[in-house]
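Engineer: This is the structure, below, for whatever I ask next.
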Amino acid sequence: MPAERKVVINIDDVGMCHGANVAYLKLKRASAVDSGSVMVPCPWFLEIAEEGAKDASLNLGVHITLTSEKKYYRWRPLTKA
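Our numbering puts the first residue of the sequence shown at 89, with every later residue one more than the last.
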């Protein structure tokens, strides 16, 4: 008998903007997604961090964010380099 397979629906780039946070929260609370990956250096990180602190069931993880590849939408560096 083959092993059971499961699909995990993860939302990427949570914290990048307010809209990404709102979309994730709506989808997660509707049980349409399983988890989200948060970009810590992005402008809207604190908003989603506060939500995560209030609700552990949001199942948020860390998205490793080493660069800011967008030309007109930048986020702060993690170091002073």
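Quick reminder that beta carbons are idealized off the backbone N, C-alpha and C, glycines included.
What does a CB cutoff of less than 6 Å around Ile-99 pick up in its chain, not counting 5 residues either side in sequence?
Structural biologist: Hits under 6 Å: Tyr-112, Val-121 and Gly-124.
Engineer: Going by CA-CA distance only, name the one from Lys-116, Trp-163 and Glu-92 that's closest to Thr-155.
Structural biologist: With distances taken between Cα atoms, Thr-155 lies closest to Trp-163.
Engineer: Count the other C-beta atoms from every protein chain shown that fall within 10 angstroms of the C-beta of Met-104, then say buried if there are 16 or more, exposed otherwise.
Structural biologist: Met-104 comes out buried.
Engineer: The ligand MN heavy atoms versus the CB of Lys-158: any closer than 7 Å?
Structural biologist: Among the components of this structure there are no ligands whatsoever, and the ligand MN is therefore not found.
Engineer: According to the Cβ coordinates, are Val-126 and His-106 closer than 8 Å?
Structural biologist: Taking 8 Å as the Cβ cut-off, Val-126 and His-106 do not qualify as a contacting pair.
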